[in-house]
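Since the structure comes first, as structure tokens, the remarks are kept for the end.
Chains as they are written, first to last, in this note's numbering: chain A, 276 to 574; chain B, 1282 to 1534; chain C, 3 to 247.
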């Protein structure tokens, strides 16, 4: 496995010097995100996110299985973040790199442990049958900011996904295909998103959404995960540099604005996609379905 | 049947990349090479070829490993590996979407996805400017079980439209994948199901027609109205489009 | 200009397309072609076929893929590690480093050789290249003993461009406009001072003395490359860049 390509000394020095003069190489302001493109596939639960030159695709899939014996009332939700050499030849199949472990841990905390997904809603018969939901995160093009991009793709895919409808008679479960019954959206309790801050020059300079070159020069990173109501789900910091508490507080303020903006974009794309799919009044049925699903889960 | 669709270089980072849709599958491929090879894989006088096939959901299974092996053997004969000794040519193929009938087909069958993978791999190598000895085109052929004569072979079946049909064939008849090189010679033939030698031969000829077109099809011949483009012809037009895109700056001068 | 024939790998070059069958000069096959003895020439890459009757040469123009080292090419590489008497430099990422002897600099002796830190950029010529060996580099002309612009690159910033763009930027000044369709650097140089070095491996180094100038020039090169800008568009771009400074 070849090692990750390193930045030349000249490039490192130049990037830092430019930052000291308040300039980013791609002309963005320090707290600007790169251009976000979000599109959905023909199937439910496929989200393709491009953040600048970074491209991440998330696909949600579901199958019916038995719940874990110690969690009889919960469905199963797993996030898989296996990197492939597509994103970089330094990623080898079956041997996770540091970046991969980090991404999977941060997503785990951001989405699973923040209870964004109501796993109880995936249970069909307690202790016997439940849905196992799986999110596959595919990194297609890697130019930094993987955590932010993967999180946007994951949340968008979860919001877009529809699981097949089921009916229960005693212990007999019938799973209806998409053609038989309109599938059901997942019940998401909130929509957490990540914003990464990178620190330079002894912590004096903070950037939002650093690209790969900037990431390679940065001294510390802080990931703030929160939803659009400003509820912080996670603050993760790595890299050796100490960060001031006040600076962290400022991070959450900046992150809130970014999260609200991102959330709006996802919402807008979802609505556009729903319109595209709405052929001949199917929407009416769907919204009835929505009302029922929402009524079942208060909040 | 929706015509196979290919885009070159959708990705920025790899040396070459391509997306390709066929038979309801969409696949993105990326190639890096020639790059440094690990000692244990190094071959003194030719390039090592690594193919990674990644399913749309889940991690790779023995099924993907088998497909990888088929592809590696096939590509080794197409890539001029002796031009890149002691290096690695690393190809990754990521399945992006599968037809909705994918799950109803017999699960062991790797044939429906194979033509799309082969054609993606070839387009990716072209985009990555890897030296190649010839062209490559692959197609899926379904031969229904003949109870009476007169049932035709289905070339490049569309799993979305004729889903149940393909399913029935997969269960009762024969499924074949053929790949042809630039001279119209079959370089890969994989079959499964229930079929006789005549069925196989007919399927092979039908596949050759779609992949390579008529024997005397030269690049200068005008497109005959109504006649289907062969896949090699499609490849040529794809490259032409790419060359025009790259040479935009010449437009004004 | 007649439209060049688009070739795919495996296509045989018909004898009618060969530049001058009667030429006394030996036929030269450029990139993308392959000779199969006794007298068949086939394509190995895809792209338009170009011929030069004067040199009795033919080649396929292809801008994709990874840079393959060729002797005589100028490249910008970064120092990876040093050994007793040589520096090992990376020409393209993820490939085996090329050797740059520590004495292959202008006026270098055991005591006066330049000291390079890992990651330092070097502008060098490939002296030896072949598919069976790691390439060798030099920063001095073997005949004259002069650097001729080669050597360590201090400061500045390096950008990645397409291989086609690198080739166009390396055309001699007289031909750059006519053949390469480039007026960008000339037009910029009329108003601002900057140094530029172009590596055949798809890298452009710019030093403008200040962050602003370096960045403006670098970004203009990238924009011209990615957007495929023609001569007029380049002039407009230059006007815009200069206004911004």
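Where a beta carbon is used, it is the ideal one built from N, C-alpha and C, also for glycine.
Output the residue ranges of the beta strand (DSSP E) runs that lie fully inside the region 20-98 of chain C and measure 3 residues or longer, sorted by chain position. Whole beta strand (DSSP E) segments, 3+ residues: 35-38, 42-45, 49-54, 59-62, 76-84, 88-92.
So, for residue 8(C): in the same chain, excluding its five sequence neighbours on each side, which residues have a beta-carbon less than 6 Å away from its beta-carbon? Spatial neighbours of residue 8(C) in its own chain (CB-CB distance under 6 Å, excluding positions within 5 residues in sequence) are listed in chain order as 50.
Answer yes or no: does any C-beta atom of chain B fall closer than 9 Å to that of residue 318(A)? Contacts with chain B at 9 Å (Cβ-Cβ) include residue 318(A).
Quick one: does residue 435(A) have its CB under 9 Å from some CB of chain B? False, the Cβ-Cβ gap to chain B never drops below 9 Å.
Runs of beta strand (DSSP E) wholly within the region 1351-1425 of chain B (minimum 3 residues, chain order): Counting whole runs of 3 or more residues, the region 1351-1425 of chain B contains the beta strand (DSSP E) stretches 1369-1378, 1417-1424.
Check the C-beta distance from residue 432(A) over to residue 322(A) and give it rounded, since I have them as a contact under 8 Å. Yes, residue 432(A) and residue 322(A) are in contact; Cβ-Cβ is about 4 Å, under 8 Å.
State yes or no: is the beta carbon of residue 1347(B) nearer than 9 Å to at least one beta carbon in chain A? When Cβ-Cβ separations below 9 Å define contact, residue 1347(B) makes no contact with chain A.
By the DSSP assignment, the alpha helix (DSSP H) with residue 362(A) in it spans what residues? From DSSP, residue 362(A) is part of no alpha helix (DSSP H); its letter is neither H nor E.
Anything in the region 1356-1387 of chain B with a Cβ closer than 8 Å to a Cβ of chain A? List those residues in chain order, please. Closer than 8 Å at the C-beta level to chain A, one finds these residues of the region 1356-1387 of chain B: 1371, 1373, 1375, 1377, 1378, 1381.
Just verifying my parser: in three-state terms, what is the DSSP assignment at residue 1287(B)? Of the three classes helix, strand and coil, the one that applies to residue 1287(B) here is strand, per DSSP.
Go ahead and label residue 359(A) buried or exposed: buried means 16 or more other beta carbons lie within 10 angstroms of its beta carbon, across all protein chains shown. Counting C-beta atoms within 10 angstroms of its own C-beta, residue 359(A) has 16 or more neighbours from the protein chains shown and is therefore classed as buried.
Residues bridged to residue 289(A) [DSSP beta-bridge criterion]: According to DSSP, residue 289(A) bridges with nothing at all.
To the nearest whole angstrom, what separates the beta carbons of residue 81(C) and residue 122(C), a pair I think is in contact under 8 Å? Rounded to whole angstroms, the Cβ separation of residue 81(C) and residue 122(C) is 5 Å, and the two are in contact under 8 Å.
For the region 386-394 of chain A against the region 459-466 of chain A, are there 3 or more C-beta pairs whose distance is under 8 Å? With a cut-off of 8 Å, the region 459-466 of chain A and the region 386-394 of chain A count as touching, because enough Cβ pairs lie within range.
If I'm right that residue 417(A) touches residue 362(A) with Cβ under 8 Å, what's the distance once you round it to whole angstroms? So it is a contact: roughly 4 Å between Cβ atoms.
Mapping the DSSP letters down to three states, classify residue 1454(B) as helix, strand or coil. The DSSP-derived three-state label of residue 1454(B) is coil.
Does chain C have any CB closer than 9 Å to the CB of residue 282(A)? It does: the Cβ of residue 282(A) has a partner Cβ on chain C nearer than 9 Å.
Could one say the Cβ of residue 334(A) lies closer than 9 Å to chain B's Cβ atoms, at least one of them? Chain B has a Cβ within less than 9 Å of the Cβ of residue 334(A).
Does the beta-carbon of residue 1313(B) have 16 or more other beta-carbons within 10 angstroms, so that it is buried, or is it exposed? By the 16-neighbour rule on beta-carbons within 10 angstroms, residue 1313(B) is buried.
Buried or exposed for residue 185(C), please, with buried defined as at least 16 other CB atoms from any protein chain shown within 10 angstroms of its CB. Burial check for residue 185(C): the Cβ neighbour count within 10 Å reaches 16 or more, so the residue is buried.
Compare the C-alpha of residue 222(C) against each of 212(C), 72(C), 235(C) and name the closest. Minimum Cα distance to residue 222(C) is reached at 235(C).
Mind listing the chain C neighbours of residue 313(A)? Cutoff is C-beta to C-beta under 9 Å, in chain order. Going along chain C, no residue has its Cβ under 9 Å from residue 313(A), so there is no contact; the nearest lies around 22 Å.
Would you kindly check if the distance between the Cβ of residue 498(A) and the Cβ of residue 483(A) is under 9 Å? Taking 9 Å as the cut-off, the beta carbon of residue 483(A) is found no closer than this to the beta carbon of residue 498(A).
So with Cβ pairs under 9 Å, would you call residue 122(C) a contact of chain A? Among the CB atoms of chain A, one or more fall inside 9 Å of the CB of residue 122(C).
According to DSSP, which residues form a beta bridge with residue 1467(B)? Answer is 1461(B), bridged to residue 1467(B).
List the residues of chain A that residue 95(C) touches, going by C-beta distances under 7 Å, in chain order. Ordered by position in chain A, the residues that pass the 7 Å Cβ test against residue 95(C) are 280.
I need the straight-line Cα distance from residue 1416(B) to residue 67(C), nearest angstrom please. Here the C-alpha atom of residue 1416(B) lies approximately 18 Å from the C-alpha atom of residue 67(C).
Run of the alpha helix (DSSP H) containing residue 423(A), from where it starts to where it stops: Counting along the chain, the unbroken alpha helix (DSSP H) around residue 423(A) starts and ends at 421-435.
Would residue 1472(B) pass as a contact of residue 1458(B) if the rule is Cβ separation under 9 Å? In contact: residue 1472(B) and residue 1458(B) (Cβ atoms closer than 9 Å).
Residue 284(A) - DSSP class collapsed to helix/strand/coil: In the three-state reduction of the DSSP assignment, residue 284(A) falls in the helix class.
Could you give the uninterrupted runs of the alpha helix (DSSP H) lying entirely in the region 322-388 of chain A, keeping only those of 4 residues or more? Within the region 322-388 of chain A, complete alpha helix (DSSP H) segments of at least 4 residues are found at 373-382, given in chain order.
Can you tell which of 19(C), 160(C), 191(C) has the C-alpha that lies nearest to the C-alpha of residue 45(C)? Per the Cα distances, 19(C).
Within a Cβ cutoff of 8 Å, which residues of the same chain sit near residue 247(C), ignoring the five residues on either side of it in sequence? The residues are 194, 214, 215, 218.
What is the DSSP secondary structure of residue 247(C), counted as helix, strand or coil? Reduced to three states, the DSSP call for residue 247(C) is coil.
Which residues in chain A have a C-beta closer than 9 Å to the C-beta of residue 142(C)? List them in chain order. The contacting residues do not exist; residue 142(C) stays about 21 Å from chain A at best.
Would you mind sorting residue 1397(B) into buried or exposed? The rule is 16 or more other CB atoms within 10 Å of its CB. When all chains shown are included, residue 1397(B) counts as buried.
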